[in-house]
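Chains as they are written, first to last, in the working numbering: chain Y, 1 to 340; chain E, 1001 to 1340. Built from N, CA and C at the ideal position, the CB exists for glycine as well. The structure appears below as structure tokens.
There are 2 protein chains.
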Amino acid sequence: MGEKRQGPGQGVTLKDVALRAGVSPITVSRALNRPEVVSPKLREKVEAAARDLKYVQNRMAGALASSGSPVIPVVVPSLSNAVFIEVIEGVQEIAQEAGFQLMFGNTDYDLDREYEWISMFLGWSPPGLILAGTRHLQRTRALLKHYGRPVVETMEYSSRPLDMNVGLSHVKAGAAMADHLIARGYRNICFAGCRLRADHRAKQRFDGFDKMLAQQGLARRPPLTREVPSSPEVGGEMLDHILREDPGVDAVFFANDDLAAGAILRAQREGIPIPDRIAVAGFNGLPIAALLTPSLTTIASPRREIGRFAARQLVQHISGQQCRTKRLDVSFDLIARDST
Amino acid sequence: MGEKRQGPGQGVTLKDVALRAGVSPITVSRALNRPEVVSPKLREKVEAAARDLKYVQNRMAGALASSGSPVIPVVVPSLSNAVFIEVIEGVQEIAQEAGFQLMFGNTDYDLDREYEWISMFLGWSPPGLILAGTRHLQRTRALLKHYGRPVVETMEYSSRPLDMNVGLSHVKAGAAMADHLIARGYRNICFAGCRLRADHRAKQRFDGFDKMLAQQGLARRPPLTREVPSSPEVGGEMLDHILREDPGVDAVFFANDDLAAGAILRAQREGIPIPDRIAVAGFNGLPIAALLTPSLTTIASPRREIGRFAARQLVQHISGQQCRTKRLDVSFDLIARDST
DNA sequence: CCAGAAAATGATATCGCAATCATATTTTAT
DNA sequence: ATAAAATATGATTGCGATATCATTTTCTGG
Chain Y
1 MGEKRQGPGQ GVTLKDVALR AGVSPITVSR ALNRPEVVSP KLREKVEAAA RDLKYVQNRM
61 AGALASSGSP VIPVVVPSLS NAVFIEVIEG VQEIAQEAGF QLMFGNTDYD LDREYEWISM
121 FLGWSPPGLI LAGTRHLQRT RALLKHYGRP VVETMEYSSR PLDMNVGLSH VKAGAAMADH
181 LIARGYRNIC FAGCRLRADH RAKQRFDGFD KMLAQQGLAR RPPLTREVPS SPEVGGEMLD
241 HILREDPGVD AVFFANDDLA AGAILRAQRE GIPIPDRIAV AGFNGLPIAA LLTPSLTTIA
301 SPRREIGRFA ARQLVQHISG QQCRTKRLDV SFDLIARDST
Chain E
1001 MGEKRQGPGQ GVTLKDVALR AGVSPITVSR ALNRPEVVSP KLREKVEAAA RDLKYVQNRM
1061 AGALASSGSP VIPVVVPSLS NAVFIEVIEG VQEIAQEAGF QLMFGNTDYD LDREYEWISM
1121 FLGWSPPGLI LAGTRHLQRT RALLKHYGRP VVETMEYSSR PLDMNVGLSH VKAGAAMADH
1181 LIARGYRNIC FAGCRLRADH RAKQRFDGFD KMLAQQGLAR RPPLTREVPS SPEVGGEMLD
1241 HILREDPGVD AVFFANDDLA AGAILRAQRE GIPIPDRIAV AGFNGLPIAA LLTPSLTTIA
1301 SPRREIGRFA ARQLVQHISG QQCRTKRLDV SFDLIARDST
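What follows is the structure in structure tokens.
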């Protein structure tokens, strides 16, 4: 920021390459960006000069001149959660081969911070944005609408997306798990998750779950929550808490596999038989779920696919192709295992 | 890329705000960037105008004009590995509050791809870069030297870093674990890890481990490796493989906790007593290590700290402060638990 | 009340590149 | 061989902001 300007910037510029290759700057630009429109002879000279000088294109000047940058901002609630990482990897895969560059913003489940990130990212003239979730502040919506850039909301399926949308219905997923537990004969089921006020999708799973319990005339319990990030430790602690405070509970639906895995490991250590004393289910379908003893019942979602779809959608939209579907409701898989 | 220019770019510009506020563009720039040098009256008018128009600063124009962007590239081998995520979180924490923006490059342990990323990132005129590892192609070194930007190499401690460096000695860590296993009475110890050719740090742990075995006159075995990314599944499979093919082995040092955890889960499922039949150790000190039964012996490294230090170092260097230490050898913790 | 200093504001040039339009060169068709 | 079309190259301008320097306004002290 407080850097002193150093006469001509510090790098090798197009002009330097042009000088060395004995052509005009614009020819260099063309030779490097659209080699096919430049004669092989010149192209070669230019390439050699660029190589010799170790020229790298100044992306900011490029973006400024062509009024459009190759930056796609991705705004997620958390990086430490494997779930988002997988989505990001899917996005990366597609975006990278289409020549785009990702920037990440971590909101820590805070909608104000989401606004800040988006506002900042708009300053990069992004050709489009990828967001996690469909819940935003009013002023975030206004800002996005004002700037009119393509936006893909991911992770959860919404009936009224801002623009494009790919995800699954967490309400349905929650209901499906309730259904499963009821079918297996459990009658006193409780939901446990962290930071439910902030984690809207976990809350939606609870809502679906709770509604199903109500529909089936079963006892409903308020969700057990902790105001810390999810982790196996907390999951174990929550299981303990439930066994102690509400011993009638015969099954727990954890908001995610981290918590559920922690519960299973804790039970194992303490010799609590699962699912006989209490059943445990999770959500996400992390690989570790299959390896636990007992193996963990969970709901798998195609996260990498979600990322890929989001990126593909955006890239298509950017390149002007009209895409048939602006919304995709990806399905989920309830994987019934030994823990229930 | 193929976007048509749309006359004046599509966003609100400084000029628009200036027009609305009835001042010159440069005053707007000042009012927003260094409010203290503008009179309160004008500042307020400008701020109101900016708010009304939903102005967001064009970062690329800003960076171009001041010849310096706020982008710090971070190049890591993998995003799916929790280890790098933690380093990144540490970096983020410091970088963000200093007003910098991170961009990530994922090399998948490929040095050529590292070169590509770095070359690309240099086009963003970054004030500095953060890399994982100290092993690079010759042309990568040349490029970095040519551009002379501050660089922090992280994760592993090197005797001859490019510029700044923070990390730990993986050779020593490997030796420490060998030491521990020997002290506990194991005599037929084997090392198991994935993609050792690419994962230089895992290889270094093996080297340290192997050297220690040699020093103590114990039988040395070639490392067991798989050419797939590490995962609990693979760890379980490797344990099986060892028990079957080399039944004399009484302890396994896995290259990381993912593999080791998988081994423990597998053993549990198959009723193989750990550590009685075979001991298992890991590396990284992931939280789950403590929760397994038996709990996993591992080596913890201060990853978040590494990230923080790297970022702080870079920020200091950028702001021109001379820092005492250009290198930091962070220590590691061997946490002896029940699995050995 | 005025000279001189300090503070606030503005005009202009520039960052590095690509879009646009103009010009030179080659190719093709007749 | 020559006009017309196609291709290759170059000159100029502008993207949106900030640095620099110039100017105006406000403050200070005698």
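Taking just the CA atoms, how far does residue j sit from residue i?
| i | j | result |
| --- | --- | --- |
| residue 272 of chain Y | residue 1136 of chain E | 51 Å |
| residue 1181 of chain E | residue 1260 of chain E | 15 Å |
| residue 1103 of chain E | residue 218 of chain Y | 49 Å |
| residue 1165 of chain E | residue 1328 of chain E | 6 Å |
| residue 1097 of chain E | residue 57 of chain Y | 29 Å |
| residue 263 of chain Y | residue 235 of chain Y | 5 Å |
| residue 80 of chain Y | residue 1085 of chain E | 6 Å |
| residue 1116 of chain E | residue 1295 of chain E | 41 Å |
| residue 6 of chain Y | residue 1337 of chain E | Residue placement at residue 6 of chain Y cannot be trusted, given a pLDDT of 40 that sits under 50; what the coordinates show is reported in the next sentence. About 57 Å. |
| residue 42 of chain Y | residue 49 of chain Y | 10 Å |
| residue 1205 of chain E | residue 34 of chain Y | 46 Å |
| residue 333 of chain Y | residue 1322 of chain E | 56 Å |
| residue 1032 of chain E | residue 1047 of chain E | 7 Å |
Does the beta carbon of residue i come closer than 7 Å to any beta carbon on chain E?
| i | result |
| --- | --- |
| residue 59 of chain Y | yes |
| residue 269 of chain Y | yes |
| residue 136 of chain Y | no |
| residue 146 of chain Y | yes |
| residue 265 of chain Y | yes |
| residue 232 of chain Y | yes |
| residue 143 of chain Y | yes |
| residue 221 of chain Y | no |
Taking a contact to mean a Cβ-Cβ separation below 7 Å, would you say residue i touches residue j in this structure?
| i | j | result |
| --- | --- | --- |
| residue 201 of chain Y | residue 170 of chain Y | yes |
| residue 1274 of chain E | residue 1339 of chain E | yes |
| residue 1100 of chain E | residue 1191 of chain E | no |
| residue 1152 of chain E | residue 1316 of chain E | no |
| residue 251 of chain Y | residue 157 of chain Y | no |
| residue 1193 of chain E | residue 1154 of chain E | no |
| residue 330 of chain Y | residue 168 of chain Y | yes |
| residue 30 of chain Y | residue 38 of chain Y | yes |
| residue 1015 of chain E | residue 146 of chain Y | no |
| residue 1303 of chain E | residue 1087 of chain E | yes |
| residue 1212 of chain E | residue 1281 of chain E | no |
| residue 1061 of chain E | residue 1069 of chain E | no |
Can you tell which of the options has its C-alpha closest to the C-alpha of residue i?
| i | options | result |
| --- | --- | --- |
| residue 1233 of chain E | E:1213, E:1256, E:1223, E:1211 | E:1256 |
| residue 140 of chain Y | Y:154, Y:122, Y:127 | Y:122 |
| residue 1134 of chain E | E:1127, E:1111, E:1124, E:1116 | E:1111 |
| residue 247 of chain Y | Y:270, Y:301, Y:188 | Y:188 |
| residue 1020 of chain E | E:1036, E:1109, E:1052 | E:1052 |
| residue 284 of chain Y | Y:335, Y:62, Y:60 | Y:335 |
| residue 89 of chain Y | E:1094, E:1077, E:1091 | E:1077 |
| residue 300 of chain Y | Y:266, Y:71, Y:41, Y:289 | Y:289 |
| residue 1012 of chain E | Y:333, Y:125, Y:129 | Y:125 |
| residue 307 of chain Y | Y:92, Y:108, Y:16, Y:208 | Y:92 |
| residue 150 of chain Y | Y:310, Y:331, Y:107 | Y:310 |
| residue 267 of chain Y | Y:291, Y:238, Y:286 | Y:238 |
| residue 1203 of chain E | E:1146, E:1319, E:1223 | E:1223 |
Could you check whether the Cβ of residue i sits closer than 7 Å to any Cβ belonging to chain Y?
| i | result |
| --- | --- |
| residue 1056 of chain E | yes |
| residue 1124 of chain E | yes |
| residue 1198 of chain E | no |
| residue 1155 of chain E | no |
| residue 1310 of chain E | no |
| residue 1302 of chain E | no |
| residue 1050 of chain E | no |
| residue 1169 of chain E | no |
| residue 1063 of chain E | yes |
| residue 1003 of chain E | Reliability fails at residue 1003 of chain E, whose pLDDT of 36 lies under 50, so the model's placement of it is uncertain and no value is given. |
| residue 1119 of chain E | yes |
> Using a Cβ cut-off of 7 Å, which residues of the stretch 1288-1300 of chain E contact any Cβ in chain Y, in chain order?
Replying inline: Taking 7 Å as the Cβ-Cβ cut-off against chain Y, the residues of the stretch 1288-1300 of chain E that qualify are 1288, 1291, 1292, 1293.
> Given a limit of 7 Å on CB to CB distance, which residues of the stretch 1069-1097 of chain E reach chain Y?
Replying inline: Of all residues in the stretch 1069-1097 of chain E, 1069, 1079, 1080, 1085, 1088, 1089, 1092 have a Cβ within less than 7 Å of some Cβ in chain Y.
>> Counting only Cβ-Cβ distances shorter than 8 Å, please list the residues of the stretch 235-257 of chain Y near chain E, keeping chain order.
In response: So the close ones are 236.
>> Any C-beta of chain Y within less than 8 Å: which residues of the stretch 1099-1116 of chain E qualify?
In response: So the list reads 1099, 1101, 1102, 1103, 1104, 1106, given in the order they occur along the chain.
>> Which residues of the stretch 181-192 of chain Y have a Cβ closer than 7 Å to any Cβ of chain E? Give them in chain order.
In response: Within the stretch 181-192 of chain Y, no residue has a Cβ lying closer than 7 Å to any Cβ of chain E.
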